[in-house]
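In structure tokens form, the structure reads like this:
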């Protein structure tokens, strides 16, 4: 499941509600500077963040270690087909 939200503030929680029966969710967002607490919560809820590369650098290094980029996501989808 891939959701797209321009901001993550409360949108990422909406994704969880909309896809509650899907185990692994992915979120493409354009928001800069997502807090560490938010990314920890996302990880705990199996919501994988896919920010564009230019935005990924606005996150702290520990946050960046678990990010997917769009290429990694498309490879994941191809592998499951």
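In the working numbering, the protein residues as written are 15 to 95.
The C-beta atom is built at its ideal place from N, Cα and C for all residues, glycine as well.
Item, Value
"Local conformation of residue 40 per DSSP, three classes", "strand"
"DSSP three-state assignment for residue 17, whether helix, strand or coil", "strand"
"Proximity test, residue 62 beta-carbon vs the ligand ZN heavy atom, cut-off 7 Å", "Inclusion of the ligand ZN in the displayed structure is not the case, the ligand content being empty and no account of it being possible."
"Option in 42, 37, 22 with minimal Cα separation from residue 16", "42"
"Beta-ladder partner(s) of residue 63, from DSSP", "41"
"Rounded separation between residue 87 and residue 66 - CA only", "12 Å"
"Pairwise C-alpha distance: residue 73 and residue 50", "8 Å"
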